[in-house]
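Enquirer:
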Amino acid sequence: MNEENSKFKHTNHLINETSPYLLQHAHNPVDWYPWGKEALQRAKDENKPILLSIGYSSCHWCHVMAHECFENEEIAAIQNKYFINIKLDREERPDIDNIYMDAVQIMGLRGGWPLNVFITPDQKPFYGGTYFPPEQWTKLLESVADAYENKFDQLGQSAQQFTDNLNQSEAQKYGLLYAEEELTVKDLDTAFNNLASHFDKGWGGFNRAPKFPMPAVWNFMMNYAYFSNNSEAKKHLLFTLDKLGNGGIYDHIGGGFSRYSVDAEWHVPHFEKMLYDNGQLLSLYANAYKWTKKEEYLRTAQGIIDWLKRDMLDKSGGFYSALDADSEGEEGKYYVWSFDEVKQLAGNDFSIIAEYYDISKEGNWEDGKNVLRVVEDEKTLIKELNLSKEDLWSKIKSFNSSALAYRSKRVAPGLDSKMLASWNALTLNGLCDAYMADPSDDTKTLAENCATFIKNELVKDNQVLRLKGQLTKGYLEDYAAVIQAFIKYYETFHAESYLFLADALTQTAVNEFFDEKENLFYYTSDASEPLIVRKKELFDNVIPSSNSIMAINLYRLGILFDNDDYKKKGIQMVLMVNKLVKQEIEYLSNWATASIHVSQPTAEVVLIGKDYIDQAKNFNANYLPNAILMAANSTSTLPLFESKTTVGQSTTFYVCYDKTCKRPTQDVSKAVAEVHQTK
Numbered sequence: 018m019n020e021e022n023s024k025f026k027h028t029n030h031l032i033n034e035t036s037p038y039l040l041q042h043a044h045n046p047v048d049w050y051p052w053g054k055e056a057l058q059r060a061k062d063e064n065k066p067i068l069l070s071i072g073y074s075s076c077h078w079c080h081v082m083a084h085e086c087f088e089n090e091e092i093a094a095i096q097n098k099y100f101i102n103i104k105l106d107r108e109e110r111p112d113i114d115n116i117y118m119d120a121v122q123i124m125g126l127r128g129g130w131p132l133n134v135f136i137t138p139d140q141k142p143f144y145g146g147t148y149f150p151p152e153q154w155t156k157l158l159e160s161v162a163d164a165y166e167n168k169f170d171q172l173g174q175s176a177q178q179f180t181d182n183l184n185q186s187e188a189q190k191y192g193l194l195y196a197e198e199e200l201t202v203k204d205l206d207t208a209f210n211n212l213a214s215h216f217d218k219g220w221g222g223f224n225r226a227p228k229f230p231m232p233a234v235w236n237f238m239m240n241y242a243y244f245s246n247n248s249e250a251k252k253h254l255l256f257t258l259d260k261l262g263n264g265g266i267y268d269h270i271g272g273g274f275s276r277y278s279v280d281a282e283w284h285v286p287h288f289e290k291m292l293y294d295n296g297q298l299l300s301l302y303a304n305a306y307k308w309t310k311k312e313e314y315l316r317t318a319q320g321i322i323d324w325l326k327r328d329m330l331d332k333s334g335g336f337y338s339a340l341d342a343d344s345e346g347e348e349g350k351y352y353v354w355s356f357d358e359v360k361q362l363a364g365n366d367f368s369i370i371a372e373y374y375d376i377s378k379e380g381n382w383e384d385g386k387n388v389l390r391v392v393e394d395e396k397t398l399i400k401e402l403n404l405s406k407e408d409l410w411s412k413i414k415s416f417n418s419s420a421l422a423y424r425s426k427r428v429a430p431g432l433d434s435k436m437l438a439s440w441n442a443l444t445l446n447g448l449c450d451a452y453m454a455d456p457s458d459d460t461k462t463l464a465e466n467c468a469t470f471i472k473n474e475l476v477k478d479n480q481v482l483r484l485k486g487q488l489t490k491g492y493l494e495d496y497a498a499v500i501q502a503f504i505k506y507y508e509t510f511h512a513e514s515y516l517f518l519a520d521a522l523t524q525t526a527v528n529e530f531f532d533e534k535e536n537l538f539y540y541t542s543d544a545s546e547p548l549i550v551r552k553k554e555l556f557d558n559v560i561p562s563s564n565s566i567m568a569i570n571l572y573r574l575g576i577l578f579d580n581d582d583y584k585k586k587g588i589q590m591v592l593m594v595n596k597l598v599k600q601e602i603e604y605l606s607n608w609a610t611a612s613i614h615v616s617q618p619t620a621e622v623v624l625i626g627k628d629y630i631d632q633a634k635n636f637n638a639n640y641l642p643n644a645i646l647m648a649a650n651s652t653s654t655l656p657l658f659e660s661k662t663t664v665g666q667s668t669t670f671y672v673c674y675d676k677t678c679k680r681p682t683q684d685v686s687k688a689v690a691e692v693h694q695t696k
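Heads up: the sequence shown begins at 18 in our numbering, then just goes up one per residue.
(1) Could you tell me the distance, in whole angstroms, from the CA atom of M647 to the CA atom of L655?
(2) I need the boundaries of the beta strand (DSSP E) containing I625, first residue and last residue.
(3) Using the C-alpha atoms, what's the distance from I95 back to A43?
(4) Per DSSP, what kind of secondary structure is T509 in: helix, strand or coil?
(5) Alpha carbon to alpha carbon, what distance is there between G125 and S333?
(6) Between the C-alpha atoms of Y492 and S563, what's the straight-line distance to the nearest angstrom?
(7) Looking at the structure shown, is M291 part of a helix, part of a strand, or coil, going by DSSP?
(8) Should A690 go down as buried or exposed, given a rule of 16 or more other Cβ atoms within 10 Å for buried?
(9) Beta-carbon within less than 8 Å of V353's beta-carbon, same chain only, minus the 5 sequence neighbours each way: which residues are those?
(10) On the DSSP letters alone, give me the boundaries of the alpha helix (DSSP H) that S405 sits inside.
(11) Can you tell me whether G320 is buried or exposed, with buried defined as 16 or more other CB within 10 angstroms of its CB?
(12) Taking I569 as part of the alpha helix (DSSP H), name the residues at either end of that continuous run.
(13) Comparing C-alpha positions only, which one of S278, K326, W608 and I370 sits nearest to G296?
(14) Just the C-alpha distance for A213 and E603, rounded to the nearest angstrom, thanks.
(15) Whose C-beta lies closer than 6 Å to the C-beta of N32 among residues of the same chain, with five residues either side of it excluded?
(16) Who are the Cβ neighbours of T469 in its own chain at under 8 Å, not counting the five residues just before and after it?
(17) Check this for me: beta carbons of A93 and F100, under 8 Å apart or not?
(18) Are the beta-carbon atoms belonging to L14 and Y583 less than 8 Å from one another?
(19) For the beta strand (DSSP E) holding K104, just list the boundary residues, first then last.
(20) Relative to the C-alpha of P106, which residue among N133, Y373 and N89 is closest?
(21) Measure the CB-CB distance between L437 and E108 and report whether it falls below 8 Å.
(22) Rounded to whole angstroms, what's the CA-CA distance from P642 to K412? Just pull it up for me.
(23) Have a look at A233 and A164 and give me their C-alpha separation to the nearest angstrom.
(24) What is the rounded straight-line gap between the Cα of K490 and the Cα of T397?
(25) Under the assumption that F288 contacts A342 (Cβ atoms under 8 Å), give the Cβ distance between them as a whole number of angstroms.
(26) Scan the stretch 625-656 and note each continuous alpha helix (DSSP H) run of 4 residues or more that stays entirely inside, going in chain order.
(27) Does DSSP put G385 in a helix, in a strand, or in coil?
(28) For E21 and E601, I'd like the C-alpha separation in whole angstroms.
(29) Give me the Cα-Cα distance between H27 and G431, rounded to the nearest whole angstrom.
(30) Under DSSP, the beta strand (DSSP E) around S616 begins and ends at which residues?
(31) Look up L158 in the DSSP assignment and say whether it is helix, strand or coil.
(32) Can you tell which of Q122, Y38 and G128 has its C-alpha closest to the C-alpha of R110?
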């Protein structure tokens, strides 16, 4: 039997799943089950511990452990003899992943993926870890099996203690306490200084490796710099965006960002590309362009859009989840370049391209390969090469086009074709920000089709579904991101039906997820599958916490619908967390952004008249984080339109604060100036 056929001599219970990650393991000799009643009941009936192994399709170390351990017949025999084996796609079931990731960290162990957790038949965790090489994994399996058989009382006691710890409420665990206080941007100065103490002054971001983009941190920094006029914050923010966009973590040929760089210089990426990173980074660069008008930021944003359209777009209008780091079993093989390949493709422009992209014969990575990156300032390059900016970019674009065509003939990384509600919503939000920054028919079409996809495929009866093609109930992450995106979609394209749908989904979220005692939302609906703990997502990570997004949503919807209950809830949520924000801002950066939103006067901008679409474009082209734009031709059911008409026949702006309006104007620059004046 050849190697290819030997892969398929086993078939386990994952064979009928739709998750690309689970299907990757459907022919392992391990007798994997998906999470569900059958596996959980079998564990109880046979009184066996459960091995819960969690990962995702584009996870490099998940692939490594699968090849080394889960495809190994001898190791599989041990797993099958002593354990009920469950495979879980963390992207399909983040509720379960969140619980057991917390459990492993409570045990004092390092978290990450693959996440391998040993749990009792009643789902209580007692040991775990991430990647294990084969010999170590074999010893661990045997040790756990022995402990379960011979020391169950002790093991069960530990499992109960870990579970009790998991069941502590967030308010208890982190000392959250609601307190009426006046919020000001100045309150965040200390928090900013805590961030600033870790700045990497040479390469941007923070002084550590590996380096993650963390869009929520830099979005906070942009808001903070804008409102506080802190020059250090603005300088480091823009420096970071420059270095990030020039680094190897950005795909200069095909657009889009990898998940992180393994070094401190944004040079060598961990090559997987995730939709959620790129949707948020699209917003970040689009807003940076709106604020600075620096064309490099618009170029980076357009590169993300090009990648989305070319590699991630489904015919339904939705976007796929991820591209793998590996191709042909090798990490990054699809993306790196030899000296000779670049020389061949660049032709007479080789010396310029080599200088621009840091190409050398010995390579700037391993095995003589080069990761394209820009290490020299563009102005310096233009001077050194004696070129105009236009000539330089003409040559770069020509090379990029040739390189993209050449690269497309390589074996492409694996695609995770799941279409998730929250990740699509983050991407829709990014497309709207990009359209505001630089209106184009192409971006508008992508945004409109994505919004239609979410509405038609992922929203049913005012409920959000987690992913296309399944009836899995959405989590708070999905509700929060979809509501946020529909609000942004309304402000961008003025489609009121999406705003009213955002309101309906918010009512569902409040009814099914909100905890009145702690003024925070649970991660799961009260109708979701009961697990050993019902958690609340508090801390911002690569994706901001669903609670911090909901706090901003409630505040903005409260203004849009003149709903004091929404506004009050949003402000109370911020006040619950505000003390902690000052201490741990790096992990609560979107909460800090929420604090800015609710502490600053918010401009309620009503635009009415026949030219409202063009005037809205002109207004939205400015960076105005403290403004909410409502626009219509002549009539609207939104309460803030009441008693507002055009002055004469001209399209008219009303800039209002707390429903008190300044003198109406037909001049967009005056409306923008009035918003700026109150920051």
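Just so you know, even glycine gets a beta-carbon here, dropped at the ideal spot from N, CA and C.
In this text, all values refer to a predicted model and were calculated from it rather than measured experimentally.
Expert: In terms of the structure at hand:
(1) Answer to the nearest angstrom: the Cα atoms are 8 Å apart.
(2) From DSSP, the beta strand (DSSP E) with I625 extends over A620 to I625.
(3) Separation of A43 and I95 (C-alpha to C-alpha, rounded to the nearest whole angstrom) is 18 Å.
(4) Helix, per DSSP.
(5) Approximately 44 Å between the Cα atoms of the pair.
(6) Rounded to whole angstroms, the gap between the alpha carbons of Y492 and S563 is 9 Å.
(7) Strand, per DSSP.
(8) With fewer than 16 other Cβ atoms from the protein chains shown falling within 10 Å of its own Cβ, A690 counts as exposed.
(9) Result list for V353: W382, K386, N387 and V388, in chain order.
(10) Note, S405: premise wrong, no alpha helix (DSSP H); not H, not E.
(11) Residue burial is scored here from C-beta neighbours: G320 has at least 16 other C-beta atoms within 10 angstroms and is therefore classed as buried.
(12) Counting along the chain, the alpha helix (DSSP H) containing I569 begins and ends at S563 to L577.
(13) Each of S278, K326, W608 and I370 was checked against the Cα of G296, and the nearest Cα belongs to K326.
(14) In this model, A213 and E603 are separated by some 10 Å (Cα to Cα).
(15) A small correction: the amino acid at residue 32 is Ile; Asn does not occupy that position in the sequence shown. Cβ within range, chain order: A43.
(16) Cβ contact annotation for T469 (same chain, cutoff 8 Å, sequence separation greater than five): G334, in chain order.
(17) For A93 and F100, no; Cβs fall outside 8 Å.
(18) Residue 14 cannot be examined here, being either before or after the span of the chain that is shown, 18 to 696.
(19) DSSP places K104 inside the beta strand (DSSP E), whose first and last residues are I101 to D106.
(20) Per the sequence shown, residue 106 should be read as Asp rather than Pro. Comparing C-alpha distances from D106 to each of N133, Y373 and N89 shows the shortest one belongs to N133.
(21) Yes, the Cβ-Cβ distance between L437 and E108 is below 8 Å.
(22) Pairing P642 with K412, the inter-Cα distance amounts to about 37 Å.
(23) In a straight line, the C-alpha of A233 is about 43 Å away from that of A164.
(24) Approximately 54 Å, taken between the alpha carbons.
(25) Yes, they are in contact, since the Cβ atoms of F288 and A342 sit about 4 Å apart, within 8 Å.
(26) Counting only runs of at least 4 residues, the stretch 625-656 fully encloses the following alpha helix (DSSP H) elements, listed from N- to C-terminal order: 629-637.
(27) It is coil, neither helix nor strand.
(28) Residue placement at E21 is flagged as unreliable, the pLDDT there being 43, under the threshold of 50; the coordinate-derived value follows with that caveat. As the crow flies, the alpha-carbon of E21 is around 50 Å from that of E601.
(29) If you take the alpha carbons of H27 and G431, they lie about 22 Å apart.
(30) S616 -> not in any beta strand (DSSP E); alpha helix (DSSP H) instead, spanning S606 to S616.
(31) In this structure, L158 counts as helix in the three-state DSSP scheme.
(32) Among Q122, Y38 and G128, the Cα nearest to that of R110 is on Y38.
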